[in-house]
Amino acid sequence: MSEEPVKTSDTSFAAYLHYSNHYFVGMMQDPNDSHRRVFVFVKQDNSQDKQEEYDSGEVTVNPKLYYKSIRIMHKHLREDNLI
Numbered sequence: 000m001s002e003e004p005v006k007t008s009d010t011s012f013a014a015y016l017h018y019s020n021h022y023f024v025g026m027m028q029d030p031n032d033s034h035r036r037v038f039v040f041v042k043q044d045n046s047q048d049k050q051e052e053y054d055s056g057e058v059t060v061n062p063k064l065y066y067k068s069i070r071i072m073h074k075h076l077r078e079d080n081l082i
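Numbering that gives the first Met the number 0 applies: residue 0 is where the sequence shown begins, and numbers increase by one.
Laid out in structure tokens, this is it:
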């Protein structure tokens with residue numbers, strides 16, 4: 000049985016997961032809001048830790064690499080290819 004993926008509509012958190020080498024699966028439509036998109040990532044052993052780090056505001060990143068991840072997530076939003 001496969002694990003449930005990590006899903007988020009928070010673009011900044013999606014960029015952080017991407018920055019943290021989580022595999023990006025694609026995007027899907029939010030079932031509660033037809034205008035909102037949800038980023039989907041493969042769940043890893045440290046996914047919960049990454050969520051807690053992000054939520055606490057205690058994340059340290061390389062600004063250039065994180066910015067690159069943000070731009071990649073925005074590109075996926077613009078392309079709007081849903082899975």
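From the three backbone atoms N, C-alpha and C, an ideal C-beta is built for every residue, glycine too.
Original post:
Any contact of the stretch 67 to 75 with the stretch 45 to 59, i.e. 3+ C-beta pairs under 8 Å?
Top reply: Segments in contact, no.
Original post:
Tyr53 and Tyr18: beta carbons closer than 8 Å?
Top reply: Result no, Cβ atoms of Tyr53 and Tyr18 do not sit closer than 8 Å.
Original post:
For Arg77, which of Val5, Arg35, Asn45 and His21 has the nearest alpha-carbon?
Top reply: The residue with the shortest Cα to Cα distance from Arg77 is Arg35.
Original post:
Just the Cα atoms here: how many angstroms apart are Gln43 and Ser11?
Top reply: Going from the Cα of Gln43 to the Cα of Ser11 covers about 18 Å.
**OP:** Report yes if the C-beta distance between Lys24 and Val37 is below 8 Å; otherwise report no.
**Re:** The amino acid occupying residue 24 in the given sequence is Val; Lys does not appear at that position. Contact flag unset, no.
**OP:** Counting only the same chain and skipping the five closest in sequence on each side, list residues whose C-beta sits under 6 Å from that of Ala13.
**Re:** Cβ within range, chain order: Thr7, Phe38 and Met72.
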